[in-house]
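Heads up, the thing below is written out as structure tokens.
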Amino acid sequence: MVVLAALTACGPYQYYEGTGIHDATADEVAGGWENIEGTRVLLREDGTALFEKLDGRGFDFDDGWRLSGEGTWQLTDNDGGQAVRLALTARTRVESRSPSPATGTPAPEPPSAYAWSFYVDRDQHDRLKLFFFYGDPDNGNTYVMSREAGS
3 MVVLAALTAC GPYQYYEGTG IHDATADEVA GGWENIEGTR VLLREDGTAL
53 FEKLDGRGFD FDDGWRLSGE GTWQLTDNDG GQAVRLALTA RTRVESRSPS
103 PATGTPAPEP PSAYAWSFYV DRDQHDRLKL FFFYGDPDNG NTYVMSREAG
153 S
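Take 3 as the starting number for the sequence shown in the working numbering and just add one per residue.
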């Protein structure tokens, strides 16, 4: 019984280790990325980045803030696969994805600096895509960034 309780308390994505992709290059990752919610990220070849309306990862997504600003990026590789690490170092704007639920408590202040880790994967056409998990890890919701049109 105790083993079953321990197994059901953690979702499959809570301990996700990566996609197994190890062949992406920094040149391939550099450029513009977007998602269907209007988020845009520009990863420059010099390791700097511009962020527009980037949501929080994990449970931070539930707070509803979207950050814009400047920062840095780096392509990393470990046993589980590659990831793109983004760091917002200069926040220029905060927006709200949706009205905060009426919980009776004020929404938390959005961070002035923030870090994301996007898993690197390939779609069925061998094109790169970047993603992270958001919300409850038991749900396995993914926030996917695709190559921006013309980038």
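Backbone N, C-alpha and C fix where the C-beta goes; we use that ideal spot for every residue, glycine too.
| Query | Result |
| --- | --- |
| Which residue's Cα is closest to the Cα of L69: W118, P139, D128, R149? | W118 |
| Report the start-end ranges of each beta strand (DSSP E) in the region 88 to 142 that is 3 residues or longer and not cut off at the edges. | 116 to 124, 130 to 136 |
| Which residue marks the beginning of the alpha helix (DSSP H) containing A26, and which one marks its end? | Careful: A26 lies outside any alpha helix (DSSP H) and carries neither H nor E. |
| Assuming V96 and W75 make a contact with CB atoms under 8 Å, what is their CB distance in whole Å? | Going by Cβ atoms, the distance from V96 to W75 rounds to 20 Å, so no, they are not a contact pair. |
| Can you grab the Cα-Cα spacing for the pair G33 / F63, in whole Å? | 24 Å |
| Relative to the C-alpha of N37, which candidate in D29, E72, D57 has its C-alpha closest? | D57 |
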